[in-house]
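Chemist: Okay, here's the structure, questions in a sec.
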Amino acid sequence: MAWNEPGNNGQRDPWNRNRQGGKSPLDDLLNQAKNRLGKLGHGPGSLFTGVLVLLVVGLLFSSYTIIGARQTGVVLRFGEFSRTLPPGFHLKLPQPIESVTKVEATRIRSVTDKVAMLTKDENIITIDFTVQYQVADSRKYLFSLNDPDGTIGAAAEAAVRSVIGGSDMDQILSAAGANLVVQAQETLQKTLDTYDSGLRVTEVSFQNVAPPNEVKDAFDDVNNAREDKQSIENTALAYASKVVPVARGDAARIAAEAAGYKAERVARATGDAARFELLLKQYKAAPEVTRKRLWLETMEQVMAKNPKVIDGSGGRNIINLPASQGASAPAQAEAGTTGAVVSQPTGGTAQKGTQP
Numbered sequence: 001m002a003w004n005e006p007g008n009n010g011q012r013d014p015w016n017r018n019r020q021g022g023k024s025p026l027d028d029l030l031n032q033a034k035n036r037l038g039k040l041g042h043g044p045g046s047l048f049t050g051v052l053v054l055l056v057v058g059l060l061f062s063s064y065t066i067i068g069a070r071q072t073g074v075v076l077r078f079g080e081f082s083r084t085l086p087p088g089f090h091l092k093l094p095q096p097i098e099s100v101t102k103v104e105a106t107r108i109r110s111v112t113d114k115v116a117m118l119t120k121d122e123n124i125i126t127i128d129f130t131v132q133y134q135v136a137d138s139r140k141y142l143f144s145l146n147d148p149d150g151t152i153g154a155a156a157e158a159a160v161r162s163v164i165g166g167s168d169m170d171q172i173l174s175a176a177g178a179n180l181v182v183q184a185q186e187t188l189q190k191t192l193d194t195y196d197s198g199l200r201v202t203e204v205s206f207q208n209v210a211p212p213n214e215v216k217d218a219f220d221d222v223n224n225a226r227e228d229k230q231s232i233e234n235t236a237l238a239y240a241s242k243v244v245p246v247a248r249g250d251a252a253r254i255a256a257e258a259a260g261y262k263a264e265r266v267a268r269a270t271g272d273a274a275r276f277e278l279l280l281k282q283y284k285a286a287p288e289v290t291r292k293r294l295w296l297e298t299m300e301q302v303m304a305k306n307p308k309v310i311d312g313s314g315g316r317n318i319i320n321l322p323a324s325q326g327a328s329a330p331a332q333a334e335a336g337t338t339g340a341v342v343s344q345p346t347g348g349t350a351q352k353g354t355q356p
């Protein structure tokens with residue numbers, strides 16, 4: 001029968017002991033431990049034992065370390081560098097054998113300063129600059145620099161002075177100033193690398209870049225003039241983008257017309273040359289006939305479209321010629337009394353008449 005079943009006659013104890021009578025083996029063990037501890041507390045070695053217990057507990061608690069997610073642990077063994085620890089739980093030798101220094105490796109630190117300096121063209125300018133950096137090597141960060149913030153501040157000021165001192169005022173105040181920021185960051189990083197600092201520059205920025213108040217108005221005028229210049233240039237570029245395509249189209253059209261005219265003139269000249277060569281052969285064969293035919297053809301072309309007046313009998317000493325084609329009828333009327341006159345305003349063969 002189980003000890004907790006009904007009808008167990010009050011034997012509720014699993015060791016078959018009655019609750020009202022006797023002691024369990026567990027109670028005996030607890031009492032023995034209490035007695036031994038009590039004896040230690042009253043014996044001559046009780047102090048040594050207590051110190052030993054505390055020492056053991058302390059060693060146990062110093063035998064591990066927990067590195068945070070954004071941290072890096074640097075382990076020192078008897079004061080010298082031993083190793084670095086990534087984030088997580090790690091065992092180590094207890095103190096004072098090994099100690100751990102935790103470094104915020106991913107935290108972005110910043111240094112801000114304001115300086116006044118000379119430019120390349122000997123003008124004074126004031127600049128507020130900010131440098132942001134983080135730890136790239138925890139070991140170098142701890143052991144290479146005594147004052148990391150002070151060191152990076154001095155190095156940043158030197159880098160900014162170097163860049164600004166090699167640039168003109170107009171270059172600094174114009175859009176080209178963005179390139180100076182990049183140059184300052186590169187110069188600063190090279191300087192920190194020579195120090196073996198273990199730092200990485202993430203960003204350098206300039207704020208409130210301006211000349212002194214005494215000459216601020218003059219520089220504002222210069223900036224306004226620069227903006228007006230840029231506006232005019234933009235307007236000119238917009239106009240050019242409209243006019244240039246039209247001009248190119250006109251140029252292409254004129255070039256095409258010129259090419260056509262050239263081809264026409266060359267073809268005509270070639271034809272005339274061929275005709276002249278053929279005529280030359282005919283002239284050599286029959287000079288008189290060819291000369292007469294050329295004269296007749298020329299006169300036919302000249303007089304084909306002009307009004308003509310022919311005096312068949314010698315007529316009068318003065319003949320009234322029509323001023324235009326429309327005066328042909330009066331000329332014919334007067335010719336009836338003076339002599340034979342034929343008018344042919346539209347060309348063709350002249351007809352001869354006689355006086356009645």
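Residue numbers for the sequence shown follow full-length UniProt numbering, so the first one is 1 and each next one is one higher. We put the CB at the ideal spot given by N, CA and C, even for glycine. These figures come from a predicted structure and were not determined experimentally.
#1: Could you round the C-beta distance between Leu118 and Ser197 to whole angstroms and report it? I think they count as a contact, below 8 Å.
#2: With 16 as the cutoff for other CB atoms within 10 Å, does Met299 come out buried or exposed?
#3: Starting from Thr298 and walking both ways along the alpha helix (DSSP H), at which residues does that stretch end?
#4: So, are the CB atoms of Thr130 and Glu203 less than 9 Å apart?
#5: For Lys92, is the classification buried or exposed, using 16 other Cβ atoms within 10 angstroms of its Cβ as the cut-off for buried?
#6: Please determine, among Gln230, Ile127, Ser205, Val289, the residue with the shortest C-alpha to C-alpha distance to Met169.
#7: For Thr106, collect the residues of the same chain with a Cβ closer than 7 Å to its Cβ; drop the 5 residues on either side in sequence, then sort them by chain order.
#8: Please report how far the alpha carbon of Glu80 lies from the alpha carbon of Gln183, in whole angstroms.
#9: Taking the alpha-carbon positions, what's the Thr101 to Ile108 distance?
#10: Could you have a look at Ala176 and say whether DSSP puts it in helix, strand or coil?
#11: Along the chain, which unbroken stretches of the beta strand (DSSP E) at least 3 residues long are found entirely within the stretch 110-198?
#12: Could you tell me the alpha carbon to alpha carbon distance between Pro212 and Leu237, rounded to whole angstroms?
#13: Given that a residue counts as buried once 16 or more other Cβ atoms are within 10 Å of its Cβ, and exposed if not, what is Glu288?
#14: Take Pro148 as the anchor and find which of Val111, Ala218, Ile232 has the nearest alpha-carbon.
#15: Exposed or buried, Val246, counting other C-beta atoms within 10 Å across all chains shown (16 or more means buried)?
#16: Using a 10 Å radius around the Cβ and a threshold of 16 neighbouring Cβ atoms, would you call Ala159 buried or exposed?
#17: Is the separation between the beta-carbon of Tyr283 and that of Arg291 shorter than 9 Å?
#18: Which word fits Gln230, buried or exposed, when buried means at least 16 other C-beta atoms lie within 10 angstroms of its C-beta?
#19: Report the rounded CA-to-CA distance for Val181 versus Ile164, giving the unit in angstroms.
#20: Which one of Arg139, Glu257, Asn224, Ala116 has the shortest CA to CA distance from Ala210?
#21: Assuming Leu173 and Asn223 form a contact by the criterion Cβ under 8 Å, report the distance between their Cβ atoms to the nearest whole angstrom.
#22: Can you name the start and end residues of the beta strand (DSSP E) that Gln71 belongs to?
#23: Helix, strand or coil for Ala105 per DSSP?
#24: Just checking Tyr261 against the ligand MN - is the residue's beta carbon closer than 8 Å to any of the ligand's heavy atoms?
#25: Compute the beta-carbon to beta-carbon distance between Gly177 and Phe143, rounded to the nearest angstrom, for a pair I have assumed lies under 8 Å.
#26: I'd like to check one pair, Leu60 with Pro94: are the Cβ atoms closer than 9 Å?
#27: By Cβ distance, which residues of its chain are closer than 8 Å to Leu76, with the 5 residues on each side in sequence left out?
#28: Going by C-alpha to C-alpha distance, which of Ala273, Asp272, Val215, Lys308 sits closest to Asn123?
#29: Could you give the residue range of the beta strand (DSSP E) that holds Gly88?
#30: Taking Cβ to Cβ, would you say Pro96 is nearer than 9 Å to Ile67?
#31: Taking the beta carbon of Gln302 as the centre, do at least 16 other beta carbons fall within 10 Å, making it buried, or is it exposed?
#32: So is Leu296 buried or exposed if we call it buried at 16+ other beta carbons inside 10 Å?
Modeler: Taking the structure as given:
#1: To locate residue 118, count along the sequence shown from 1; it is residue 118. To locate residue 197, count along the sequence shown from 1; it is residue 197. Going by Cβ atoms, the distance from Leu118 to Ser197 rounds to 28 Å, so no, they are not a contact pair.
#2: Translated into positions along the sequence shown, residue 299 becomes position 299. Burial call: exposed.
#3: For this step, residue 298 is matched to residue 298 along the sequence shown. Element bounds for Thr298: 287-303.
#4: Mapped onto the sequence shown, residue 130 falls at position 130. Mapped onto the sequence shown, residue 203 falls at position 203. When the beta-carbon positions are compared, Thr130 and Glu203 come within less than 9 Å of each other.
#5: In the sequence shown, the residue the question calls residue 92 occupies position 92. The residue in question, Lys92, is buried, as its Cβ has 16 or more Cβ neighbours within 10 Å.
#6: Taking the sequence shown and counting its residues from 1, one reaches residue 169 at position 169. Checked all of Gln230, Ile127, Ser205, Val289; the closest Cα to Met169 is Ile127.
#7: Locating residue 106 in the sequence shown gives position 106, where the first residue counts as 1. These residues qualify, in order along the chain: Arg70, Gln134.
#8: Walking along the sequence shown from the start, residue 80 turns up at place 80. Walking along the sequence shown from the start, residue 183 turns up at place 183. Across the structure, Glu80 and Gln183 are spaced so that their CA atoms are roughly 38 Å apart.
#9: For the purposes of this step, residue 101 is taken as the residue at position 101 of the sequence shown. For the purposes of this step, residue 108 is taken as the residue at position 108 of the sequence shown. As the crow flies, the alpha-carbon of Thr101 is around 19 Å from that of Ile108.
#10: In the sequence shown, counting from the first residue as 1, residue 176 sits at position 176. Here Ala176 sits in coil by DSSP.
#11: Taking only runs of at least 3 residues, the beta strand (DSSP E) segments lying wholly in the stretch 110-198 are 124-135.
#12: Residue numbering aside, residue 212 sits at position 212 when the sequence shown is read from its first letter. Residue numbering aside, residue 237 sits at position 237 when the sequence shown is read from its first letter. C-alpha separation (whole angstroms): 35 Å.
#13: Position 288 of the sequence shown, counted from the start, is the residue given in the question as residue 288. Counting Cβ neighbours within 10 Å, Glu288 comes out exposed, since fewer than 16 surround it.
#14: The residue you call residue 148 lines up with position 148 of the sequence shown. Nearest C-alpha to Pro148 among Val111, Ala218, Ile232: Val111.
#15: Here residue 246 corresponds to residue number 246 of the sequence shown, with the count starting at 1. Flag for Val246 reads exposed.
#16: One-based indexing of the sequence shown puts residue 159 at position 159. It counts as buried.
#17: Along the sequence shown, one-based indexing puts residue 283 at 283. Along the sequence shown, one-based indexing puts residue 291 at 291. Against a cut-off of 9 Å, the Cβ pair of Arg291 and Tyr283 comes out as a contact.
#18: Position 230 of the sequence shown, counted from the start, is the residue given in the question as residue 230. Gln230 should be labelled exposed.
#19: By one-based count along the sequence shown, residue 181 stands at place 181. By one-based count along the sequence shown, residue 164 stands at place 164. Val181 and Ile164: Cα-Cα distance of roughly 10 Å.
#20: On the sequence shown, residue 210 is found 210 positions in, with the first residue counted as 1. Proximity to Ala210 across Arg139, Glu257, Asn224, Ala116 peaks at Ala116, based on C-alpha coordinates.
#21: Counting from one through the sequence shown, the residue named residue 173 turns up at place 173. Counting from one through the sequence shown, the residue named residue 223 turns up at place 223. At roughly 7 Å, the Cβ-Cβ gap stays under 8 Å, so Leu173 and Asn223 are in contact.
#22: Numbered from 1 along the sequence shown, position 71 holds the residue referred to as residue 71. Run containing Gln71: 71-77, per the beta strand (DSSP E) assignment.
#23: On the sequence shown, residue 105 is found 105 positions in, with the first residue counted as 1. The answer is coil: DSSP assigns Ala105 none of H, G, I, E or B.
#24: Although the ligand MN was asked about, the structure shown includes no ligands whatsoever.
#25: Looking up residue 177 in the sequence shown gives position 177. Looking up residue 143 in the sequence shown gives position 143. Incorrect: roughly 37 Å between the Cβ atoms, too far for contact.
#26: For the purposes of this step, residue 94 is identified with residue 94 of the sequence shown, where counting begins at 1. For the purposes of this step, residue 60 is identified with residue 60 of the sequence shown, where counting begins at 1. The beta carbons of Pro94 and Leu60 sit closer together than 9 Å.
#27: For the purposes of this step, residue 76 is taken as residue 76 along the sequence shown, with counting starting at 1. Ser82, Glu98, Ser99, Val100, Thr101.
#28: Along the sequence shown, one-based indexing puts residue 123 at 123. Cα-wise, what sits closest to Asn123 is Val215.
#29: In the sequence shown, residue 88 corresponds to position 88, counting from 1. Membership of Gly88 in the beta strand (DSSP E) is indicated by the continuous run 88-91.
#30: Numbered from its first residue, the sequence shown carries residue 96 at position 96. Numbered from its first residue, the sequence shown carries residue 67 at position 67. In this structure, Pro96 lies away from Ile67, with their beta-carbon atoms at least 9 Å apart.
#31: Residue numbering aside, residue 302 sits at position 302 when the sequence shown is read from its first letter. Per the sequence shown, the amino acid found at residue 302 is Val instead of Gln. Around the Cβ of Val302, a 10 Å sphere holds fewer than 16 other Cβ atoms; the residue is exposed.
#32: Here residue 296 corresponds to residue number 296 of the sequence shown, with the count starting at 1. With fewer than 16 Cβ atoms within 10 Å of its Cβ, Leu296 is classed as exposed.
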